[in-house]
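Residue numbers (the numbering used here): 2 to 367.
No residue lacks a Cβ here, since even glycine has one placed at the ideal position from N, Cα and C.
Below: the structure, in structure tokens.
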Amino acid sequence: MMNQMIVANLRRRPMRSLVSVIAVAIEVVLILLIVGLVNGMVNDHRSRIEGMGGDIVVRAGSAAVFGELSGNTMPVKIATVLARVPGVFAVAPVAYKLVNGLEAVAGVDLENFDRVSGGFHMVAGRVFRPGSHEVIVDNEEAASKHFHLGQTLTLFGQPFQIVGIFEHGMGSRMFTDRFVLDQIDGSPDKAATFYVKTTPGANNAEVVAALRELAPAETVDTIGDYLSLFTPSQISPALPIFQRVMESIAVAIGFLVIFLSLYTTVLERTREIGILKALGASRGYIVQVIVRESELLAAIGIVAGTSGGYLLWRLLGRLYPTLTMEFTWKWVALAAVIALASSVIGALYPAFKAASQDAIAALAYE
Numbered sequence: 002m003m004n005q006m007i008v009a010n011l012r013r014r015p016m017r018s019l020v021s022v023i024a025v026a027i028e029v030v031l032i033l034l035i036v037g038l039v040n041g042m043v044n045d046h047r048s049r050i051e052g053m054g055g056d057i058v059v060r061a062g063s064a065a066v067f068g069e070l071s072g073n074t075m076p077v078k079i080a081t082v083l084a085r086v087p088g089v090f091a092v093a094p095v096a097y098k099l100v101n102g103l104e105a106v107a108g109v110d111l112e113n114f115d116r117v118s119g120g121f122h123m124v125a126g127r128v129f130r131p132g133s134h135e136v137i138v139d140n141e142e143a144a145s146k147h148f149h150l151g152q153t154l155t156l157f158g159q160p161f162q163i164v165g166i167f168e169h170g171m172g173s174r175m176f177t178d179r180f181v182l183d184q185i186d187g188s189p190d191k192a193a194t195f196y197v198k199t200t201p202g203a204n205n206a207e208v209v210a211a212l213r214e215l216a217p218a219e220t221v222d223t224i225g226d227y228l229s230l231f232t233p234s235q236i237s238p239a240l241p242i243f244q245r246v247m248e249s250i251a252v253a254i255g256f257l258v259i260f261l262s263l264y265t266t267v268l269e270r271t272r273e274i275g276i277l278k279a280l281g282a283s284r285g286y287i288v289q290v291i292v293r294e295s296e297l298l299a300a301i302g303i304v305a306g307t308s309g310g311y312l313l314w315r316l317l318g319r320l321y322p323t324l325t326m327e328f329t330w331k332w333v334a335l336a337a338v339i340a341l342a343s344s345v346i347g348a349l350y351p352a353f354k355a356a357s358q359d360a361i362a363a364l365a366y367e
């Protein structure tokens, strides 16, 4: 009986119910979008670094976690010293130069890089030739920006020809010869990061200890420890704050719309509430009716928001292949809990206001 009454109330005011559902859906979509984009960006970068194949990472002691942001400050000749440590199989220095904001072109020595990473998995074309103004891009970058083999790009004010497209997951999305990048950057024989490949069966902890003793001014981590540092705050200290602010705005939208919707509903239904109380309905029953109404609105909004978030995830993936957005059931469940909680909290005051009405006064209300 109660459920039938709740459904009838919502159907009686379709526009107000629709606005409430849309507000909850927007709340869910915003949470999924903000969290998905931030986590997707961090985890995508983490997986691409892991794809480099190194077991140990050496970077400057004062460097940022993201090698692209650190600058090329370490002499490449350090690689020769590191390679002498027992248990080290190969060392690959990597230089970076930023282009278009946070996008970076990586410069590598093919021989050393191939020994550490196992080489590029080419989808089309070939790898760049040492000493040439040639560049290779990953398949996601090529799809996103419609790059093709033979196309000439202007990077750092100089022309580079795309000679190959490789499978994504190899650190940067663009690679060229390190010596060419050195000349453009004006820091010859400098690198931002060294990726170290250990010999099969080597104890990585012992190798790390030896490398730290050999290069005390540098930061040496196993790849696992290094990847654990990848968090939104490492991209920018303001990013977690932005994420929390956007989530708070989303929650506020859902809360306020549910609150206003149910509050005005209670005012409009004063006589109905008076009739219910005159028929013997308890305060708890009245509160339960209002709260259940908010739960039903929230449930419909959660379904709509989850569907909208999923469609947005698929659409962004098609339009912008390099814009990695995560869509996980963990965050869907969390967004649902947040939306449901904000809706119920928004309904509490209207519910208690309805339950506290005097039956006689309510029946006389015009």
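Buried or exposed, going by whether 16 or more other CB atoms sit within 10 Å of the CB of Pro201?
The sequence position of residue 201 within the sequence shown is 200, counting from 1. The residue in question, Pro201, is exposed, as its Cβ has fewer than 16 Cβ neighbours within 10 Å.
Going by other Cβ atoms of all chains shown within 10 Å of its Cβ, with 16 needed for buried, is Arg245 buried or exposed?
Residue numbering aside, residue 245 sits at position 244 when the sequence shown is read from its first letter. With fewer than 16 Cβ atoms within 10 Å of its Cβ, Arg245 is classed as exposed.
In three-state DSSP terms, what is Phe231?
As a first step, residue 231 is located in the sequence shown; it is residue number 230 there, counting from the start. Residue state, collapsed to three classes: coil.
Near Phe157, which residues of its chain fall below 7 Å by C-beta distance, leaving aside the five closest residues on each side in sequence?
Position 156 of the sequence shown, counted from the start, is the residue given in the question as residue 157. Closer than 7 Å at Cβ, skipping near neighbours: Lys98, Val100, Ile185.
Quick check on the DSSP output: what are the complete beta strand (DSSP E) runs of length 3 or more inside the region 12–45, in order along the chain?
none
Of all the options Ile339, Thr329, Gly54, Gly172, which has the alpha carbon lying nearest to the alpha carbon of Ile250?
As a working mapping, residue 250 is identified with position 249 in the sequence shown. That would be Ile339, whose Cα lies nearest to the Cα of Ile250.
Between which two residues does the alpha helix (DSSP H) carrying Ser307 extend?
In the sequence shown, the residue the question calls residue 307 occupies position 306. The sequence shown places Thr at residue 307, rather than the Ser named in the question. Element bounds for Thr307: 284–320.
Beta-carbon separation (whole angstroms), Glu141 vs Thr323, contact threshold 8 Å:
The residue you call residue 141 lines up with position 140 of the sequence shown. The residue you call residue 323 lines up with position 322 of the sequence shown. Rounded, the Cβ-Cβ distance is 5 Å, consistent with contact.
Is it buried or exposed for Glu294, if we count other Cβ within 10 angstroms and need 16 for buried?
Translated into positions along the sequence shown, residue 294 becomes position 293. Buried, by the Cβ-count rule.
Identified DSSP bridge partners for Lys191:
Taking the first residue of the sequence shown as 1, we reach residue 191 at position 190. Paired residue(s): Pro76.
Check whether Asp110 and Thr199 have beta carbons under 7 Å apart
Position 109 of the sequence shown, counting from 1, holds the residue named residue 110. Position 198 of the sequence shown, counting from 1, holds the residue named residue 199. Pairing Asp110 with Thr199 gives a Cβ-Cβ distance that is not under 7 Å.
Proximal residues to Met53 (C-beta, below 6 Å), its chain only, five neighbours per side dropped
Here the question's residue 53 lines up with position 52 in the sequence shown. Cβ neighbours of Met53 beyond the five flanking positions: Ser118, Gly172, Tyr196.
Rank Lys191, Lys354, Asp226, Phe328 by C-alpha distance to the C-alpha of Gln289 and give the top, closest one.
Here residue 289 is taken as the residue at index 288 of the sequence shown, counted from 1. Minimum Cα distance to Gln289 is reached at Lys354.
Put Thr81 into one of helix, strand or coil per three-state DSSP.
By 1-based counting over the sequence shown, the position of residue 81 is 80. Note: Thr81 maps to helix in three-state DSSP.
What runs of the beta strand (DSSP E), each 3 residues or longer, lie entirely inside the region 161–206?
175–178, 194–199
Are the region 315–322 and the region 223–232 in contact at 8 Å, needing three or more beta carbon pairs?
Short answer: they don't touch.
Tell me, please, whether the region 201–214 touches the region 116–130 by the rule of three or more beta-carbon pairs shorter than 8 Å.
Judged by Cβ distances under 8 Å, the region 201–214 makes no contact with the region 116–130, as fewer than three pairs qualify.
Examine the Cβ distances between the region 292–308 and the region 21–32 and report whether three or more of them are shorter than 8 Å.
yes
Determine the DSSP secondary structure at Pro94, reduced to helix, strand or coil.
In the sequence shown, counting from the first residue as 1, residue 94 sits at position 93. In this structure, Pro94 counts as strand in the three-state DSSP scheme.
Unbroken beta strand (DSSP E) run spanning Asp222, endpoints:
The sequence position of residue 222 within the sequence shown is 221, counting from 1. Counting along the chain, the beta strand (DSSP E) containing Asp222 begins and ends at 219–223.
The beta strand (DSSP E) enclosing Asp139, as first and last residue numbers:
Along the sequence shown, one-based indexing puts residue 139 at 138. Asp139: member of the beta strand (DSSP E) spanning 135–139, first to last residue.
Taking DSSP as the reference, what is the three-state secondary structure of Arg1?
This structure leaves residue 1 out entirely; the chain is present only between 2 and 367.
In terms of DSSP beta bridges, what is Ile57 paired with?
For the purposes of this step, residue 57 is taken as the residue at position 56 of the sequence shown. According to DSSP, Ile57 bridges with Val197, Thr223.
What residues match up with Met123 in a beta bridge as DSSP calls it?
Here residue 123 is taken as the residue at index 122 of the sequence shown, counted from 1. Under the DSSP definition of a beta bridge, Met123 partners with Phe167.
CB contact flag (Thr177, Val106, <7 Å):
What you label residue 177 is simply residue 176 of the sequence shown in a count that begins at 1. What you label residue 106 is simply residue 105 of the sequence shown in a count that begins at 1. Cβ atoms of Thr177 and Val106: closer than 7 Å.
Nearest-angstrom Cα separation, counted from Thr74 out to Ala206:
Working through the sequence shown from its first residue, we reach residue 206 at position 205. Working through the sequence shown from its first residue, we reach residue 74 at position 73. Each residue's alpha carbon lies about 25 Å from the other.
Have a look at Ala84 and Ala336 and give me their C-alpha separation to the nearest angstrom.
Position 83 of the sequence shown, counting from 1, holds the residue named residue 84. Position 335 of the sequence shown, counting from 1, holds the residue named residue 336. Rounded to the nearest angstrom, the two C-alpha atoms are 49 Å apart.
Please state if the CB of Ser188 and the CB of Ile259 are separated by a distance shorter than 7 Å.
The residue labelled residue 259 in the question sits at position 258 within the sequence shown. The residue labelled residue 188 in the question sits at position 187 within the sequence shown. Not in contact: Ile259 and Ser188 (Cβ atoms no closer than 7 Å).
Would you tell me roughly how many angstroms separate the C-alpha atoms of Ser21 and Leu297, rounded to the nearest one?
Counting from one through the sequence shown, the residue named residue 21 turns up at place 20. Counting from one through the sequence shown, the residue named residue 297 turns up at place 296. C-alpha separation (whole angstroms): 10 Å.
Any idea what DSSP makes of Val109, helix, strand or coil?
Walking along the sequence shown from the start, residue 109 turns up at place 108. In the structure shown, the three-state DSSP call for Val109 is strand.
Let me confirm a value: Gly62 is counted as buried when at least 16 other C-beta atoms fall within 10 Å, else exposed. Which label applies?
Walking along the sequence shown from the start, residue 62 turns up at place 61. Classification of Gly62: exposed, given that the 10 Å Cβ count is below 16.
Relative to the C-alpha of His134, which candidate in Leu182, Arg174, Val95, Arg127 has its C-alpha closest?
For the purposes of this step, residue 134 is taken as residue 133 along the sequence shown, with counting starting at 1. Selected option, being the one with the closest Cα: Leu182.
In terms of DSSP beta bridges, what is Thr153 paired with?
Translated into positions along the sequence shown, residue 153 becomes position 152. In DSSP, Thr153 forms a bridge with Gln162.
Within this structure, are the beta carbons of Val208 and Gly88 separated by less than 7 Å?
Your numbering for residue 208 matches position 207 in the sequence shown. Your numbering for residue 88 matches position 87 in the sequence shown. In this structure, Gly88 lies closer than 7 Å to Val208 by Cβ.
Hey, would you say Phe243 sits closer than 7 Å to Gly37, going by beta carbons?
The sequence position of residue 243 within the sequence shown is 242, counting from 1. The sequence position of residue 37 within the sequence shown is 36, counting from 1. Not in contact: Phe243 and Gly37 (Cβ atoms no closer than 7 Å).
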